[in-house]
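Numbering (our numbering), first residue to last: 12 to 222.
Heads up, the beta-carbon is just placed ideally off N, CA and C, and yes, glycines get one too.
This structure is a prediction, so every number in the text was calculated from the model and none was measured.
Since the structure comes first, as structure tokens, the remarks are kept for the end.
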């Protein structure tokens, strides 16, 4: 199976370079002793390695500082590779694992989010062509009853205070009447007109008070 796969540098030093995998074990790092040397500050001296297992390569991180990522997932142990998957070494370097005999394989962008499926954009809504209904010309809005107006309360009539002198005059009149009427009742009741007013009555009418 050696020689069936290759790595393509999608981003980083020597971008676009294709590297055939012809050994059962391939080391990757910044040190010149590696099988694939990548001179980038994000890549450790001995960053990762590929081991051929049956029909594909298995990749594992060899204690790198900035980590090894497959499809945006950091490696925590060896995992087998599939054609089309992306290998990220740190932040700057992206390697595409591809089959050497699949010339129709489309190069994938070196960005970490390149493997995310594109979200389909829904078509714009079609404007409604419905004909507006004919307004009802006989429609009359409901009558709104006005709230009853509060009844006006009659203004309180100011009570006139009777002057004090009026009461004095009334009392004096009553006293005079009592002083005049009571004696007249007594004289009339005792028939004492002639004894008291005899001379006056005789002068007026000599026929009055004749015994």
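Here residue 19 is bridged, per DSSP, to 29, 107. One alpha carbon belongs to residue 38, the other to residue 58, and they sit about 8 Å apart. Taking the Cα positions, residue 64 is about 13 Å away from residue 15. Around the C-beta of residue 60, 16 or more other C-beta atoms lie within 10 Å, and the residue is accordingly described as buried. Distance from the CA of residue 196 to the CA of residue 176, rounded to the nearest whole angstrom, comes to 30 Å.
Sequence-distant partners of residue 17 (beyond 5 residues in either direction) whose C-beta falls short of 7 Å from its own C-beta, in its chain, are 29, 30, 31, 32, 109, 111.
Per DSSP, the unbroken alpha helix (DSSP H) holding residue 179 starts and ends at 175-201.
For the 8 Å CB-CB criterion, residue 105 and residue 21 form a contact.
Annotation for residue 64: the continuous beta strand (DSSP E) segment containing it runs 59-64. In this structure, residue 76 places its C-beta atom within 8 Å of the C-beta atom of residue 55.
The continuous beta strand (DSSP E) containing residue 100 extends over residues 97-100. Under the three-state reduction of DSSP output, residue 40 falls in the strand class. Assigned with DSSP and collapsed to three states, residue 76 falls in coil, not helix or strand.
A distance of 8 Å or more separates the beta carbons of residue 47 and residue 70. Beta-bridge partners of residue 49 (DSSP): none assigned.
Ranking 103, 41, 192 by CA distance to the CA of residue 26 puts 103 first.
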